[in-house]
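To keep things clear, I will list the structure first and then write my remarks on it.
In my numbering, the protein residues as written are 97 to 210.
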């Protein structure tokens, strides 16, 4: 399971993890704490499960980041990179945009227009 939300979602993903499954945590959109006590740890051990994390910033050098961003910008300028715009909101409706994200009612990126 690849999990990026954090909080309660992480707890739910742990519960859904199959025997010999792996949970990869690569973000924390919701920084709520989740419970991970001894019973959960023992369950993971006896089901041969594993949990690992991934954080891109620790793997990037300034040079690598600059090169990667340059390539992304070049692809965008050439029209070879498609970004799905899931909605556009005036800045004064930023709360509505956040509610849409929190409710998982979006696809693509949301744009706030000043």
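Every residue, glycine too, gets a C-beta built ideally from N, C-alpha and C. For clarity, every value in this text was computed on a predicted model and none was experimentally measured.
{"Asked": "Among residues of its own chain, excluding the 5 on either side of residue 104, which ones have a beta-carbon nearer than 8 Å to its beta-carbon?", "Found": "126, 128, 130"}
{"Asked": "Considering just the uninterrupted stretch of the beta strand (DSSP E) at residue 183, what are its terminal residues?", "Found": "181–186"}
{"Asked": "On the premise that residue 121 lies in contact with residue 149, defined as a C-beta separation below 8 Å, what is that separation, rounded to the nearest angstrom?", "Found": "5 Å"}
{"Asked": "List the DSSP bridge partners of residue 118.", "Found": "146"}
{"Asked": "Write down the C-beta distance between residue 165 and residue 177 rounded to the nearest angstrom, noting that I regard them as a contact closer than 8 Å.", "Found": "That pair is no contact at about 12 Å."}
{"Asked": "Taking 7 Å as the cut-off, decide whether the C-beta atoms of residue 186 and residue 207 are in contact.", "Found": "no"}
{"Asked": "So, with DSSP's three-state summary, where would you put residue 208?", "Found": "strand"}
{"Asked": "Tell me, please, which residues DSSP counts as bridged to residue 99.", "Found": "121"}
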